[in-house]
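Below: one structure, written as structure tokens.
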Amino acid sequence: MTTRRHFLQTSTAASLAASAAAQTGKSPNDKIRFALIGAGGMGTGNAEFALRVGGTELVAVADVYEGRLIRAKERWGKQVATTRDYREVLARPDIDAVIIATPDHWHQTIAVEAMDRGKDVYCEKPMIQRVEEGAAMVEAQQRTQRILQVGSQRVSSIEYTKARELFAAGAIGELNMVEAWWDRNSALGAWQYSIPTDASPQTVSWEQFLGRAPRRPFEPVRLFRWRNYQDYGTGVAGDLFVHLFSGMHYVTGALGPERVFATGGLRFWRDGRDVPDVMLGLYDYPKTDRHPAFTLALRVNFVSGEGESSGFRFVGSEGIMTIGRGVTLSKVPRETEPGFTIDTFSKAEQERFLKAYREQYPLQRPNADAMQPQTEERFLAPRGYSDHEDHHRNFFAAVRSRQPVVEDAAFGFRAAGPAVLSNVSYFEQRTVKWDPVGMKLA
Ligand SMILES: NC(=O)c1ccc[n+]([C@@H]2O[C@H](COP(=O)([O-])OP(=O)(O)OC[C@H]3O[C@@H](n4cnc5c(N)ncnc54)[C@H](O)[C@@H]3O)[C@@H](O)[C@H]2O)c1
Numbered sequence: 019m020t021t022r023r024h025f026l027q028t029s030t031a032a033s034l035a036a037s038a039a040a041q042t043g044k045s046p047n048d049k050i051r052f053a054l055i056g057a058g059g060m061g062t063g064n065a066e067f068a069l070r071v072g073g074t075e076l077v078a079v080a081d082v083y084e085g086r087l088i089r090a091k092e093r094w095g096k097q098v099a100t101t102r103d104y105r106e107v108l109a110r111p112d113i114d115a116v117i118i119a120t121p122d123h124w125h126q127t128i129a130v131e132a133m134d135r136g137k138d139v140y141c142e143k144p145m146i147q148r149v150e151e152g153a154a155m156v157e158a159q160q161r162t163q164r165i166l167q168v169g170s171q172r173v174s175s176i177e178y179t180k181a182r183e184l185f186a187a188g189a190i191g192e193l194n195m196v197e198a199w200w201d202r203n204s205a206l207g208a209w210q211y212s213i214p215t216d217a218s219p220q221t222v223s224w225e226q227f228l229g230r231a232p233r234r235p236f237e238p239v240r241l242f243r244w245r246n247y248q249d250y251g252t253g254v255a256g257d258l259f260v261h262l263f264s265g266m267h268y269v270t271g272a273l274g275p276e277r278v279f280a281t282g283g284l285r286f287w288r289d290g291r292d293v294p295d296v297m298l299g300l301y302d303y304p305k306t307d308r309h310p311a312f313t314l315a316l317r318v319n320f321v322s323g324e325g326e327s328s329g330f331r332f333v334g335s336e337g338i339m340t341i342g343r344g345v346t347l348s349k350v351p352r353e354t355e356p357g358f359t360i361d362t363f364s365k366a367e368q369e370r371f372l373k374a375y376r377e378q379y380p381l382q383r384p385n386a387d388a389m390q391p392q393t394e395e396r397f398l399a400p401r402g403y404s405d406h407e408d409h410h411r412n413f414f415a416a417v418r419s420r421q422p423v424v425e426d427a428a429f430g431f432r433a434a435g436p437a438v439l440s441n442v443s444y445f446e447q448r449t450v451k452w453d454p455v456g457m458k459l460a
């Protein structure tokens, strides 16, 4: 029996689906046809996660190095079209969405071009290489009404959702500080990735890699270890701080800091890189309706004798929440009286002091009922849980529904802005002021 209410619900759902289909040209049963631009480590991972979501089909791959195109066909089949020029991919009307996993200096250019060409975009972090690029990205997303998901997968993680819920419920009292770090002590950890022996001007479209970066003769290390150079990457701040900003902003609802200061140095990996391998960043967050004023301290150390470790500590007046191995909430009960330091006062003064003190805090015999628990609660995600997959799921669901994603251009800019400004602070040896609401230099 079709009641009027039921009819209204189904017709609203149907018209939503119809309007989504009009915008994507997709019925819910159609596959979303996507392409990968930049088929290196993360791009390959992204494509695999995207395929795992289901209802998706990889139709084309663009990369400037021939070996990665050959590998794409080996991995995903001969039917996958390959090209060294990403513009060929964007020109194809049968592609709905693109995953951009190139070096950082290409993100904004390709993402804006893709949205202008009607594609939905999954763009790897950091969304931008330089702070000046952010506004155009936000504007392009709004103008074109395309879906843009930035690839800091933590914001789709059930662990961060748990932390966000605990934080919002006041689990740690008043937040005053957040500390986060990402330490490593290995060659691969420090970005010394393999350089293929067949890299040559014939197998690499060098100019297509350089893009807007300064012209240079062919030098494979700059392509295969692009993170080590300011011309293409964003140092540890854009590579790793940005994940910490994204995760922290998601948990606290913070929009960003007002002041950015970073310091550090190149201490060990002197392989020709022009970025530091140890960096500390300090950030002042102003009070908002979501949280009190607090200070953020970030650290990346690629020469940490302890090996790889990363985590978060959210420090509040009533407890600490850590994210590392799961989410842990630790609380030590507050003292019931402040105590005193009267031993160096005269005997007479000690007596006077103690009398007044005990009037304020009457002596109580310890009893079991008054004992307070010191607690530690740990929340663990199921083994094998992947936030990457959830992040792609969130993206492709939005491509179909046209509903907002978790990490749109504004969110991406608010994380990448202070991350890349850390580099400005480090290289120019100054504090940088930022307007986290307006997303511009202050
Ligand atoms: N979300 C995460 O956890 C995560 C992890 C790793 C990397 N990333 C991001 O993913 C991106 C790629 O990093 P990666 O580690 O895969 O690097 P990578 O060097 O392995 O891959 C980059 C690929 O882009 C190709 N490329 C360069 N210029 C190109 C162009 N103009 N057009 C098409 N392809 C081009 C390169 O040949 C290479 O194959 C970076 O932005 C990085 O920050 C994100």
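Position 375 of the sequence shown, counted from 1, bears residue number 393 in the working numbering, the numbering being contiguous throughout.
Where is the CB? At the ideal position from N, CA and C, for every residue including glycine.
Owing to the predicted nature of the structure, the values given are computational and were not obtained by experimental measurement.
Within 7 Å: the Cβ of residue 461 and any heavy atom of ligand 1?
Limits of the chain in this structure are 19 at one end and 460 at the other, which puts residue 461 out of reach.
Any heavy atom of ligand 2 inside 7 Å of the beta-carbon of residue 83?
Ligands displayed in this structure: ligand 1; ligand 2 is not among them.
Name the one or two DSSP bridge partners that residue 299 has.
Looking up residue 299 in the sequence shown gives position 281. DSSP, once it has assigned bridges, lists 280 and 316 as partnering residue 299.
Residue 349: which of 356, 340, 65 and 355 sits nearest, CA to CA?
Counting from one through the sequence shown, the residue named residue 349 turns up at place 331. The option with the nearest alpha carbon to residue 349 is 340.
With 16 as the cutoff for other CB atoms within 10 Å, does residue 402 come out buried or exposed?
Position 384 of the sequence shown holds residue 402. When all chains shown are included, residue 402 counts as exposed.
For residue 433, does the count of other Cβ atoms within 10 angstroms reach 16, so buried, or fall short, so exposed?
Numbered from its first residue, the sequence shown carries residue 433 at position 415. Classification for residue 433: buried.
Just tell me which of 296, 456, 314 and 197 has its CA closest to the CA of residue 429.
Counting from 1 along the sequence shown, the entry for residue 429 is found at position 411. Looking at the Cα atoms, 456 is the closest of the given residues.
Under 7 Å: does the beta carbon of residue 94 sit that close to some heavy atom of ligand 1?
For the purposes of this step, residue 94 is taken as the residue at position 76 of the sequence shown. Residue 94 Cβ: outside cutoff for every heavy atom of ligand 1.
Does the beta-carbon of residue 348, which I'm using as the reference point, lie nearer than 7 Å to any heavy atom of ligand 1?
Against the sequence shown, residue 348 aligns to sequence position 330. Checking the Cβ of residue 348 against ligand 1 gives no.
According to DSSP, is residue 445 helix, strand or coil?
Within the sequence shown, numbered from 1, the residue matching residue 445 stands at position 427. In the structure shown, residue 445 sits in a helix (DSSP, three-state: H, G or I).
According to DSSP, is residue 197 part of a helix, a strand, or is it coil?
Taking the sequence shown and counting its residues from 1, one reaches residue 197 at position 179. It is a strand residue.
With respect to 7 Å, is the separation between the Cβ of residue 237 and the closest non-hydrogen atom of ligand 1 below this value?
Reading the sequence shown from its first residue, position 219 is the one you call residue 237. No; taking the cut-off as 7 Å, the Cβ of residue 237 has no heavy atom of ligand 1 nearer than that.
Mind reading off the beta-carbon distance from residue 250 to residue 46? Whole number of angstroms is fine, and I expect it under 8 Å.
Position 232 of the sequence shown holds residue 250. Position 28 of the sequence shown holds residue 46. Wrong, their Cβ atoms sit about 40 Å apart, outside the cutoff.
Can you list, in chain order, the residues of its chain with a C-beta nearer than 8 Å to that of residue 211? Leave out the 5 residues immediately preceding and following it.
In the sequence shown, the residue the question calls residue 211 occupies position 193. If we look at residue 211 and ignore the five residues flanking it on each side, its Cβ neighbours are 59, 242 and 243.
Could you give the uninterrupted runs of the alpha helix (DSSP H) lying entirely in the region 339 to 384, keeping only those of 4 residues or more?
Complete alpha helix (DSSP H) runs here, min 4: 365 to 378.
Relative to the C-alpha of residue 325, which candidate in 85, 203, 51 and 189 has its C-alpha closest?
Locating residue 325 in the sequence shown gives position 307, counting from the first residue. The option with the nearest alpha carbon to residue 325 is 203.
Taking 7 Å as the cut-off, is the beta-carbon of residue 290 closer than that to any non-hydrogen atom of ligand 1?
Taking the sequence shown and counting its residues from 1, one reaches residue 290 at position 272. Residue 290: no, Cβ never under 7 Å from ligand 1.
Would you list the one or two residues that DSSP bridges to residue 334?
Position 316 of the sequence shown, counted from the first residue, corresponds to residue 334. Answer is 193, bridged to residue 334.
Take the Cβ of residue 305 as the centre, count every other Cβ of all protein chains shown within 10 Å, and call the residue buried at 16 or more, exposed below.
In the sequence shown, residue 305 corresponds to position 287, counting from 1. By the neighbour-count rule (16 or more Cβ atoms within 10 Å), residue 305 is not buried but exposed.
I need the DSSP call for residue 52, collapsed to helix, strand or coil.
Residue numbering aside, residue 52 sits at position 34 when the sequence shown is read from its first letter. Strand at residue 52.
Use the C-beta contact count for residue 362: other C-beta atoms within 10 angstroms, 16 or more gives buried, fewer gives exposed.
Against the sequence shown, residue 362 aligns to sequence position 344. Classification of residue 362: exposed, given that the 10 Å Cβ count is below 16.
Are the beta-carbon atoms belonging to residue 440 and residue 185 less than 8 Å from one another?
As a first step, residue 440 must be located in the sequence shown, where it is residue number 422. As a first step, residue 185 must be located in the sequence shown, where it is residue number 167. For residue 440 and residue 185, no; Cβs fall outside 8 Å.
Under 7 Å Cβ to Cβ from residue 26, same chain only, skipping five residues before and after it: list those, please.
By 1-based counting over the sequence shown, the position of residue 26 is 8. The pLDDT assigned to residue 26 is 39, lower than 50, so where the model puts this residue is not dependable; a value taken from the coordinates is nonetheless given after this. Within the same chain, residue 26 has no close Cβ partners at all.
Quick check: does the Cβ of residue 227 come within less than 7 Å of any heavy atom belonging to ligand 1?
The count along the sequence shown starts at 1 and reaches residue 227 at position 209. Flag set: Cβ of residue 227 near ligand 1.
How far does the alpha helix (DSSP H) with residue 418 in it extend, from its first residue to its last?
Stepping through the sequence shown from its first residue, residue 418 is reached at position 400. First-last of the alpha helix (DSSP H) with residue 418: 405 to 419.
Are at least three pairs of beta-carbons, each pair with one atom in the region 165 to 182 and one in the region 419 to 428, less than 8 Å apart?
Judged by Cβ distances under 8 Å, the region 165 to 182 makes contact with the region 419 to 428, as three or more pairs qualify.
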